[in-house]
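Colleague: The following block contains the structure, expressed as structure tokens.
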Amino acid sequence: DTAVSQTPKYLVTQMGNDKSIKCEQNLGHDTMYWYKQDSKKFLKIMFSYNNKELIINETVPNRFSPKSPDKAHLNLHINSLELGDSAVYFCASSQDWDGTQYFGPGTRLLVL
Amino acid sequence: GQQVMQIPQYQHVQEGEDFTTYCNSSTTLSNIQWYKQRPGGHPVFLIQLVKSGEVKKQKRLTFQFGEAKKNSSLHITATQTTDVGTYFCAGRTGTASKLTFGTGTRLQVTL
Numbered sequence: 076d077t078a079v080s081q082t083p084k085y086l087v088t089q090m091g092n093d094k095s096i097k098c099e100q101n102l103g104h105d106t107m108y109w110y111k112q113d114s115k116k117f118l119k120i121m122f123s124y125n126n127k128e129l130i131i132n133e134t135v136p137n138r139f140s141p142k143s144p145d146k147a148h149l150n151l152h153i154n155s156l157e158l159g160d161s162a163v164y165f166c167a168s169s170q171d172w173d174g175t176q177y178f179g180p181g182t183r184l185l186v187l
Numbered sequence: 311g312q313q314v315m316q317i318p319q320y321q322h323v324q325e326g327e328d329f330t331t332y333c334n335s336s337t338t339l340s341n342i343q344w345y346k347q348r349p350g351g352h353p354v355f356l357i358q359l360v361k362s363g364e365v366k367k368q369k370r371l372t373f374q375f376g377e378a379k380k381n382s383s384l385h386i387t388a389t390q391t392t393d394v395g396t397y398f399c400a401g402r403t404g405t406a407s408k409l410t411f412g413t414g415t416r417l418q419v420t421l
């Protein structure tokens, strides 16, 4: 009965490859997010969707493309992976705009 | 853009000592949340503060929101090894804006 789940948990890949990370929440929340946490633990928002609509799109390279097929899912596709993309990517959800955010377990991405 | 800084970056205490982390925003906040991330884990919500000067307590944890709504603090009394982790504040500037996370304070507690 995991609230926010992400797959895969670990992802090791070569530079230049394309990869996707999936996120699902079973909380019935309307808003979902993608965050990137770098090696210094800084947590930065990348995207946010509300009812499948993109509402926050931070300054992120356009190699990153989020997709929300429905309210319960928010996937992240990354093209042409670079070394600097290595980080932990967290998905999160909240009931509404200013509510508590529930984080997934994270996807640890390592680009070689 | 909005910046949220936390000090200290890192603190190492002996079990039983007190600990405080301070959060400072470059802009006035509408509300502030606090999260805890255990090593290898994900951020977990602790509390939200909304009113100027608000103080909330959760057992040994005391949270405070500054009068000007630009700073906040988290104080832990008599730390335990279970308090180990990184504590993040996260502030919002409007009713429907993004949550900006602070730089985090990593707490290490030893026996």
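Protein chains in written order, with the numbering used here: chain C, 76 to 187; chain Z, 311 to 421. Using N, Cα and C, we set each Cβ at its ideal position, and we do this for glycine too.
#1: Which residues share a DSSP beta bridge with residue 173 of chain C?
#2: Using only CA atoms, which one of C/106, C/114, C/154 lies nearest to residue 92 of chain C?
#3: Could you check whether residue 141 of chain C and residue 149 of chain C sit closer than 8 Å to each other, using their CB atoms as the reference points?
#4: So the candidates are Z/385, Z/390, Z/409; which of them puts its Cα closest to the Cα of residue 415 of chain Z?
#5: Within 10 angstroms of the Cβ of residue 320 of chain Z, are there 16 or more other Cβ atoms? Answer buried if so, exposed if not.
#6: Helix, strand or coil: which one does DSSP assign to residue 102 of chain C?
#7: Using three-state DSSP, classify residue 145 of chain C as helix, strand or coil.
#8: Counting Cβ pairs, one atom from each stretch, are 3 or more of them under 8 Å apart for the stretch 154 to 165 of chain C and the stretch 103 to 114 of chain C?
#9: Measuring alpha carbon to alpha carbon, tell me which of Z/418, Z/369, Z/376 ends up nearest residue 387 of chain Z.
#10: What residues in the stretch 372 to 404 of chain Z have a beta carbon less than 7 Å from any beta carbon of chain C?
Modeller: Taking the geometry as given:
#1: Looking at the DSSP output, residue 173 of chain C shares a beta bridge with no other residue.
#2: If we check each option's Cα against that of residue 92 of chain C, C/154 comes out closest.
#3: Taking C-beta atoms as the reference points, residue 149 of chain C and residue 141 of chain C count as a pair closer than 8 Å.
#4: Out of Z/385, Z/390, Z/409, Z/385 has the C-alpha closest to the C-alpha of residue 415 of chain Z.
#5: Burial check for residue 320 of chain Z: the Cβ neighbour count within 10 Å stays below 16, so the residue is exposed.
#6: In the three-state scheme derived from DSSP, where H, G and I count as helix and E and B as strand, residue 102 of chain C is classed as coil.
#7: If DSSP states are grouped into helix, strand and coil, residue 145 of chain C belongs with the strands.
#8: Output reads yes: the stretch 103 to 114 of chain C touches the stretch 154 to 165 of chain C.
#9: Check the Cα spacing between residue 387 of chain Z and each of Z/418, Z/369, Z/376: the tightest is with Z/369.
#10: Those would be 396, 398, 402, in chain order.
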